[in-house]
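To keep things clear, I will list the structure first and then write my remarks on it.
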Amino acid sequence: MSTVARLHEVVASGQLAKKIFANVEGIDLSDEVRDRLTAFAKRRTAGLGELTTTISPVSNADFYRALAAFWLELRFEWQRHNLVSNYHAIRTGGCHVASFMLAAAASSVLACIEQHLSDEDRALMDGFAAELISGTHLALAQRLDPPNATAEYAA
Amino acid sequence: MAVIAVGLGDAERDRLIALAVDRSRSVVDLADALPDAEDEEELYRVIAALWLQLRFEWQRHNDVLNYAAVGETPKPELAAEGCMGSLMLERLEGVLFPTHLDTLSGYAFGLLAAVGTRVPVSP
Chain A
1 MSTVARLHEV
11 VASGQLAKKI
21 FANVEGIDLS
31 DEVRDRLTAF
41 AKRRTAGLGE
51 LTTTISPVSN
61 ADFYRALAAF
71 WLELRFEWQR
81 HNLVSNYHAI
91 RTGGCHVASF
101 MLAAAASSVL
111 ACIEQHLSDE
121 DRALMDGFAA
131 ELISGTHLAL
141 AQRLDPPNAT
151 AEYAA
Chain B
156 MAVIAVGLGD
166 AERDRLIALA
176 VDRSRSVVDL
186 ADALPDAEDE
196 EELYRVIAAL
206 WLQLRFEWQR
216 HNDVLNYAAV
226 GETPKPELAA
236 EGCMGSLMLE
246 RLEGVLFPTH
256 LDTLSGYAFG
266 LLAAVGTRVP
276 VSP
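Note that the protein sequences, when read in sequence, are chains A and B.
The working numbering puts the first residue of the first sequence at 1, with every later residue one more than the last.
The working numbering puts the first residue of the second sequence at 156, with every later residue one more than the last.
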């Protein structure tokens with residue numbers, strides 16, 4: 001089965017949505033958290049479905065680039081929910097349930113997409129996302145053009 | 156947050172409003188998680204990453220809309236979501252330095268352009 005067919009299948013059959021909700025099985029969530037999770041699952045599976053049905057029939061190259069961009073989008077989202085969850089735990093000793101669950105949900109979609117990206121591309125994008133959030137400007141600066149642009153970012 | 160929902164059904168309109176509320180809540184979650192002066196640098200970087208995430212999302216919707224237009228399949232809900240995304244991007248741009256946004260988006264889109272040359276997926 002081709003990459004596109006496999007991704008289409010995982011969305012159309014509801015497997016991806018099931019995977020997202022498997023993370024919360026047996027957990028007593030508030031209606032608010034469950035609603036946010038449901039909305040996330042619907043939007044992200046629909047987004048992936050749109051790429052397979054709209055872009056892939058026309059251009060394989062554009063489809064791959066869109067898939068990579070979608071992965072990066074989710075990587076930032078995962079990172080943000082993770083950060084909120086961690087800081088909340090440090091401050092209060094408690095769990096920020098919504099962020100924790102949404103990070104897990106983002107992780108499920110990332111896992112579904114990343115098996116279709118090359119290891120090299122994934123490593124490049126992973127490095128970029130991590131450096132941006134951690135503020136390791138030097139590593140980012142070495143790869144930026146023009147090189148001085150990041151000096152302003154670090155300032 | 157205003158939602159432009161011309162030509163949408165009630166379900167799509169409700170979904171968009173829920174999305175706007177969720178997005179706003181995400182920013183509040185960030186502010187609650189990083190409330191102190193010493194957190195400011197990290198908060199700035201995370202907001203920059205949020206801006207980039209929304210910028211990619213806006214681009215994805217735009218790409219899908221363009222391809223859908225070729226196939227004459229209108230997607231008004233995506234167009235409305237794109238408008239909402241633009242509004243949020245504008246708001247976030249108000250707290251970020253323009254030079255940083257140029258640098259980040261230039262790097263990110265350059266990275267994706269390079270990625271797009273390899274195409275290991277099968278059609």
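Here a beta-carbon is modelled for each residue, glycine too, at the ideal position from N, C-alpha and C.
Predicted model only: the values in this text are computed from it and were never measured.
Ignore the nearest five residues each way along the sequence and tell me which others in residue 198(B)'s own chain have a CB closer than 8 Å to its CB.
Cβ within range, chain order: 185, 186, 189.
So, does the CB of residue 225(B) fall closer than 8 Å to a CB anywhere in chain D?
The chain inventory of the structure shown lacks chain D, comprising the protein chains A and B.
Interfacial residues, the stretch 230-247 of chain B to chain A, with Cβ spacing under 7 Å:
Going along the stretch 230-247 of chain B in chain order, one finds no residue with a Cβ nearer than 7 Å to chain A.
In whole angstroms, what separates the C-alpha of residue 10(A) from that of residue 31(A)?
Taking the straight line joining both Cα atoms gives about 27 Å.
How about residue 47(A) and residue 215(B): are their beta carbons less than 8 Å apart?
Taking the C-beta atoms as reference points, residue 215(B) is found nearer than 8 Å to residue 47(A).
Using a Cβ-Cβ cut-off of 8 Å, state whether residue 203(B) counts as contacting chain A.
True, the Cβ-Cβ gap to chain A drops below 8 Å.
Consider the Cβ of residue 175(B): report whether some Cβ of chain A lies at a distance smaller than 8 Å.
It does not: the Cβ of residue 175(B) has no partner Cβ on chain A nearer than 8 Å.
Terminal residues of the continuous alpha helix (DSSP H) containing residue 88(A)?
60-92 is the extent of the alpha helix (DSSP H) around residue 88(A).
Inter-stretch contact at 8 Å, needing at least 3 Cβ pairs: the stretch 219-234 of chain B / the stretch 52-61 of chain A:
The stretch 219-234 of chain B vs the stretch 52-61 of chain A: in contact.
Tell me, please, whether the CB atom of residue 107(A) is closer than 8 Å to any CB atom in chain B?
Not an interface residue.
Taking CB distances under 8 Å as the criterion, tell me whether residue 169(B) reaches chain A.
For residue 169(B), the answer is no, since every Cβ of chain A falls outside 8 Å of its Cβ.
Name the chain A residues that come within less than 9 Å of residue 107(B), Cβ to Cβ?
Shown here, chain B extends from 156 to 278; a query on residue 107(B) therefore has no answer.
The alpha helix (DSSP H) with residue 250(B) in it runs from where to where?
Unbroken run through residue 250(B): none, as it is neither H nor E.
Please report the distance separating the alpha-carbon of residue 262(B) from that of residue 210(B).
Computed Cα separation, rounded: 13 Å.
Under 8 Å, Cβ to Cβ, is there at least one residue of chain B near residue 126(A)?
Residue 126(A) does not count as touching chain B.
Nearest CA to the CA of residue 180(B): which residue from 205(B), 167(B), 164(B)?
For residue 180(B), the closest of 205(B), 167(B), 164(B) by C-alpha to C-alpha distance is 205(B).
Residue range of the alpha helix (DSSP H) that residue 129(A) falls in?
In the DSSP annotation of this structure, the continuous segment of the alpha helix (DSSP H) that includes residue 129(A) starts and ends at 119-134.
Neighbour-count burial assignment, residue 166(B), 16 or more Cβ in a 10 Å radius:
Classification for residue 166(B): exposed.
Name the chain A residues that come within less than 9 Å of residue 165(B), Cβ to Cβ?
Near residue 165(B) there are no residues of chain A at all, since even the closest Cβ is about 16 Å away, more than 9 Å.
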